[in-house]
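Shown next, in structure tokens, is the structure this report addresses.
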Amino acid sequence: MSFSTAIVGPGAIGTTIAAALHESGNTPVLCGHRHRDHLTLLDGTRIITVPGPILTDPAEQADTADVVFLAVKATQTEAAAGWLTSLCGPHTVVCVLQNGIEQVRMVTPYAAGSQVIPAVVWFPAQAQPDGSILLRGHAQLTLPDTQASKVIQAVLDNTWCEAELSADFSSLAWRKLLQNAAGGLMVLTGRRSGTYRRADISRLTLDYLDECLQVARAEGASLDDGTPQEILNIYQSSPPDMGNSILADHEAGRPLEWDIRNGVIQRLGRVHGIPTPISDVIVPLLAAASDAN
0 MSFSTAIVGP GAIGTTIAAA LHESGNTPVL CGHRHRDHLT LLDGTRIITV PGPILTDPAE
60 QADTADVVFL AVKATQTEAA AGWLTSLCGP HTVVCVLQNG IEQVRMVTPY AAGSQVIPAV
120 VWFPAQAQPD GSILLRGHAQ LTLPDTQASK VIQAVLDNTW CEAELSADFS SLAWRKLLQN
180 AAGGLMVLTG RRSGTYRRAD ISRLTLDYLD ECLQVARAEG ASLDDGTPQE ILNIYQSSPP
240 DMGNSILADH EAGRPLEWDI RNGVIQRLGR VHGIPTPISD VIVPLLAAAS DAN
């Protein structure tokens with residue numbers, strides 16, 4: 000069965016999904032805020048070109064899509080509302096490729112009654128100075144085990160982007176959130192993954208992740224005591240020049256996703272009566288860094 004697809008937000012994550020779909024013979028409709036003739040993904044020695052154009056006016060799109068991949072930053076969801084209105088019909092499935100654990104709550108008001116499915120994105124993709132996207136790992140998504148998720152899985156079934164279903168999606172989403180929360184230290188230090196090899200930053204990262212872990216468990220996530228060290232190991236074993244999306248936004252002068260990545264820990268900690276002394280320092284600093292942009 001064939002499905003019509005659309006990508007809203009052809010940045011690093013959106014371009015990766017678009018390239019996977021295009022190579023499988025299902026070239027998606029591309030929707031963004033800047034006109035381009037094509038997208039380019041660099042994957043090892045391969046160069047994948049996804050034909051455009053990138054549409055910039057929701058009024059240009061007359062047809063709804065079976066599956067919409069929403070790949071804009073959480074800070075841009077409201078600005079993408081026009082695209083969701085144009086692309087979504089009563090049977091559309093919206094796959095939200097955003098950070099955080101609040102995707103459904105944040106996107107549903109704009110989805111025109113469509114089914115909204117959150118996803119955990121596990122692959123590193125980075126924008127390059129020439130506008131291309133460099134994929135630096137295996138492309139994989141995790142989705143909750145629902146019927147709507149199986150539609151997304153079917154769309155990606157014949158591509159090199161793996162889509163797995165999880166019966167405990169919430170725990171995996173929280174684990175990724177902890178990884179993203181620790182990534183905020185790149186903004187505050189002005190450095191990339193190499194910063195986590197410092198002994199003092201390593202200790203701070205572990206203490207912060209322990210704090211995040213207590214909040215995650217209070218929210219029902221099943222994460223073991225070794226999770227903070229596992230996440231630190233990921234950063235320490237990454238190439239020292241590896242950045243992340245929040246650092247890229249900071250360097251480009253864009254608003255930061257500080258609230259959905261870090262503020263949520265502080266907010267939910269208060270709900271559960273869990274002290275968050277490190278969050279109480281990190282969150283206002285990241286908010287101020289975002290204001291400066």
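Quick note, the sequence shown lines up with residues 0 to 292 if you use my numbering. Where is the CB? At the ideal position from N, CA and C, for every residue including glycine. Treat the numbers as computed from the prediction; the structure is a model and nothing was measured.
For Ala147, the secondary structure class from DSSP, reduced to helix, strand or coil, is helix. Apart from the 5 residues on each side of it in sequence, Ala215 sits with its Cβ closer than 7 Å to the Cβ of Trp173, Leu177 and Leu222 in its chain, given in chain order. Bounds of the beta strand (DSSP E) holding Ala162 are Glu161 to Ser165. Rounded to whole angstroms, the separation of the alpha carbons of Gly242 and Glu256 is 15 Å. In the DSSP assignment, Val92 forms a beta bridge with Val66 and Gln114.
As the crow flies, the alpha-carbon of Ser237 is around 26 Å from that of Val95. Counting only runs that start and end inside the stretch 11 to 87, the beta strand (DSSP E) elements of at least 3 residues fall at 28 to 30, 37 to 42, 45 to 50 and 66 to 69. For Ile200, the enclosing alpha helix (DSSP H) begins and ends at Ala198 to Ala217. Bounds of the alpha helix (DSSP H) holding Leu171 are Phe168 to Gly182. In the DSSP assignment, Gln125 falls within the unbroken beta strand (DSSP E) covering Ala124 to Ala126. With a cut-off of 8 Å on Cβ pairs, the stretch 140 to 154 is not in contact with the stretch 190 to 204, counting fewer than three such pairs. Between Gly130 and Val71, the C-beta spacing is not below 8 Å. Distance from the CA of Ala5 to the CA of Met105, rounded to the nearest whole angstrom, comes to 20 Å.
The Cβ atoms of Leu140 and Val115 do not sit closer than 8 Å to each other.
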